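In my numbering, the protein residues as written are 1092 to 1175. Glycine included, every Cβ here is placed at the ideal spot set by N, Cα and C. Computed from a prediction, not measured in an experiment: that's the story for all the values here.
This is how it looks when you write it as C-alpha cells:
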C-alpha cells in the first residue's frame, strides 16, 4: 500500500522502492479546481505523466503506474504504461 504525504496545499506524493531496486516517486498536483497533473518516475527520470479530474483519481492512476513498473517486464512496460 502506498503512503501518500501532503507536501503543500496542492501537492501530494508517494515514494516506493520497486523490485528493480529503483526508488520511484509519484506526485499529484492540483493545477485548477477540477484538474490534477500527475508525474511519476525516479529522481533522475520522468517515466510517466498524466492527468485526472480528482485527487483520488490522480492517486489511483499513479498507483497503477507504480504497480505496473513493479510487476511488469521492461519490454511490456513501454507498451502498457500509456494505457494507465
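For residue 1131, the enclosing beta strand (DSSP E) stretches over residues 1126–1132. Taken through DSSP and simplified to helix, strand or coil, residue 1093 comes out as coil.
Sequence-distant Cβ neighbours of residue 1137 in its own chain, meaning closer than 7 Å and more than five residues away, are 1130.
By the 16-neighbour rule on beta-carbons within 10 angstroms, residue 1115 is buried. DSSP links residue 1141 through a beta bridge to 1129.
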